[in-house]
Every structure is written in structure tokens, then in C-alpha cells.
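These notes are about the structure you will find just below.
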Amino acid sequence: MIVTLTISPAVDKSAVIDGLIPEKKLRCRDVRREPGGGGINVSKALKELGEASHAVFAAGGPNGTALAQMLTEAGLAFTAVPIAAESREDLSVTDAQSGAQYRFVMPGAPLTGQEEGHLLEAVWSHRPALLVASGSLPPSADPGFYARLAREAKIRGVRLVLDTSGEPLQRAVREGVFLLKPNLSELAALTGRENISDEAIVPAAREVISRGGCETMVVSMGSKGAWLVTAEEDRFLPAPDVQVRSTVGAGDSMVAGMVHQLALGKTPHEMARFGVACGSAATMNAGTHLFNREDVFRLLDQNL
Ligand SMILES: Nc1ncnc2c1ncn2[C@@H]1O[C@H](COP(=O)(O)OP(=O)(O)OP(=O)(O)O)[C@@H](O)[C@H]1O
Ligand SMILES: [Mg+2]
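Residue numbers (the UniProt record's numbering): 1 to 304.
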């Protein structure tokens, strides 16, 4: 069973306006609502790949209820762990005149220590073979939350795939996880660098691996593609040339693609290659739409 964990989910609201003008009422159209947050996005993308997963997330107030309802409508299996605070709602506004997209991200709903414990209990009760934890922690959360998750995963022999940043990432890496997917700035921060040159990527990843921070690392580099680094191999995987409409959800799509291949028992190379295809396929769609399965296989056929 693949389980995804989202401690800080969001109702992702999007709308279109005709010109961003201060002081004026900006009439919104094409208003949409979607369930969002790292782990939930990964579960949605896994479903597109025909892979079942169970999404565990914190849910509070009317937005928490709305999230559960939207996941039911999307046909996803989930456990909504009740929290006292209201789950957040994010807003993306596209200005039709300039084509620019503005993304307003609210702080995640705070959780009590007890509620954090309930989330973890819900995760382990589903006996994951693969666990995907993705997304930021709410501002007030224990920054050691993902480290605790990593420690408990290790004890249970569960392969943890982690996609996060900052101190929560640093601390989890001290415990050790199975797979990390940092982007360049996350890898730089993780290894105490201001920024990272192309030549420094593999040594930085090896540094983390040799400290026991992870077994496998896939460093994503946006339109360039990704580096796969393990103790035995390092390999560059270029991203295909695609017509980019929106890069929203590229990282989560890449993680989903990799987890799908892991579940199928594929090699690290196949895993990373498929992940790049899913990430790039996600950029072909406008707004928060992740990817279409057909696009992934078309990109793979194009000798990626
Ligand atoms: N402009 C692009 N053109 C082609 N492929 C892209 C582009 N941007 C992202 N991708 C694909 O998606 C993968 C992940 O993207 P990226 O490195 O931007 O992740 P990220 O920074 O974690 O993104 P996110 O903001 O979703 O967390 C890349 O490895 C690549 O395969
Ligand atoms: Mg990311």
C-alpha cells in the first residue's frame, strides 16, 4: 500500500481576472476549487497513473469538510484526521490580460502535538510499504515532525519518500530517509551552500548519501531535467522540450511518477526517467491540472 501524508493541505481556489488594478473591485470568473497540498497532489497523480494510494491529511473546519468531499468526488481513498483549526484555502489568480499568475498561499492550519500524533497513527494504521510525505509544515508545527516520521518509518522498515524544505528537511535527513527529491535551492540549503553550480550537484548529493541522509536522491532542475544519485551511480536525465503552460505541481507529479515505478520494482534509472517525464508532462497543462497519462508515455517514447 502506498500512503501519502499531507500535514498542511489546502483548498486550492483559482480564478481569472481581466487586469490587476489596485483599489478597484476585480471581478473574478472561471472560479474553480480543487483539493491541494503535497501528499494529496501525489495521490491525485498516482490515480492518473492507475496506481492506488491512501491519502492521510489533517482536516479542520468547513475547508476540511470540503477537502474530504472533493477527495470522495475524485475517487481517492483517504483518512481525514480531524483538527481543531480550520484548514487553509489558497488562491491563484490569473490575469487574462498579461497571462501572469499570482499565487496567494495562506499559512497552514496549526496542529496540536496530540493532533500530530493522530496523523502519525493514521499513517501507520494503513501499514504502508511506501510512504510519501510532501509539503511544508504549518508555521507553528514541531520542525522535527518529519524527523519523527523518518525515525518511526525506519523502525517499521517503511520506505519514506520525502519532499520538503528548510529545517524540517534538515532534521529528517539527520534520521535518514529512503528517497529525497530536492530542487537545486533545497539541495543547496541542505548542504550549507548559498547556491549550487552544476558541477557541485553530484558531490553535494553524495555528501548527504554518505552521511546516511538518504539512499537515493533525485535532484530536480526544472526545465533542465534531473540528476539521479545513489551510492553506486550518478546519471543526468534531461527534461524533454515541451510547451510549458504552468509549472504548478511539477515537483509533486515527478514524485508520483517515481513512487509508481518504485511500487513496480523498477530500477533507480527507470524511476528517475519516469519521474522526469511526469514532471515535464505536468508543465504542459494550464493551472493546477497535473498531467495526462498519455502525455507521459508520449514523452517517454520520444527517447527521453
Ligand atoms: N520548464 C520546464 N520544462 C520541462 N520540464 C520541466 C519544467 N519545469 C519542471 N519540469 C519537470 O518537472 C520536474 C520537477 O520540476 P522542478 O525541478 O521545478 O521541481 P520543484 O522545484 O520541486 O517544483 P515545485 O514548485 O512543483 O515544488 C523537472 O525535473 C522536470 O522534469
Ligand atoms: Mg518542490
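Ideal placement from N, C-alpha and C gives every residue a C-beta, glycine not left out.
Separation of residue j from residue i, as counted between CA atoms
i    : j    : result
V177 : L237 : 22 Å
L184 : G64  : 33 Å
P110 : H118 : 14 Å
R293 : G75  : 17 Å
T112 : A141 : 8 Å
G99  : A286 : 11 Å
A205 : R27  : 47 Å
L300 : D198 : 24 Å
H220 : V81  : Just to set this straight, residue 220 is Ser in the shown sequence, not His. Straight-line Cα distance between these residues: approximately 31 Å.
G225 : I2   : 25 Å
Contacts around residue i, its chain only, beta-carbon distance under 6 Å, and the 5 residues preceding and following it disregarded
i    : result
V16  : R29, D30, T94 and A96
M258 : M271 and G275
L5   : G39, V56, V123 and A133
Q261 : E270, M271 and F274
G144 : R171
Close-in-space but distant-in-sequence residues of the same chain around residue i (CB under 8 Å, 5 per side omitted)
i    : result
A202 : Note on residue identity: the sequence assigns Val, not Ala, to residue 202. W227, V229 and D234, listed in sequence order.
Element boundaries [alpha helix (DSSP H), containing residue i]
i           : result
residue 305 : Within the shown structure, residues of the chain are numbered from 1 to 304, placing residue 305 beyond reach of any answer.
Which residues DSSP lists as bridging residue i, in chain order
i    : result
C214 : V177
S134 : D163
Start-to-end residues for the beta strand (DSSP E) that takes in residue i
i    : result
T65  : Premise fails: T65 lies in the alpha helix (DSSP H), G61 to E73, not in any beta strand (DSSP E).
I7   : I7 -> no beta strand (DSSP E), and no H or E assigned at all.
R88  : R88 to D95
Q243 : From DSSP, Q243 is part of no beta strand (DSSP E); its letter is neither H nor E.
D301 : First-last for D301: R293 to D301, but that is the alpha helix (DSSP H), not the beta strand (DSSP E).
V229 : G225 to T230
Buried versus exposed, by CB contacts within 10 Å (16 or more), residue i
i    : result
R273 : buried
L187 : buried
I155 : exposed
S210 : exposed
S125 : exposed
A231 : exposed
E23  : exposed
Own chain partners of residue i with C-beta closer than 7 Å, once the 5 adjacent residues on each side are dropped
i    : result
Q170 : L190
CB contact below 9 Å: residue i versus chain D
i   : result
R29 : Here chain D cannot be found, since the structure has a single protein chain.
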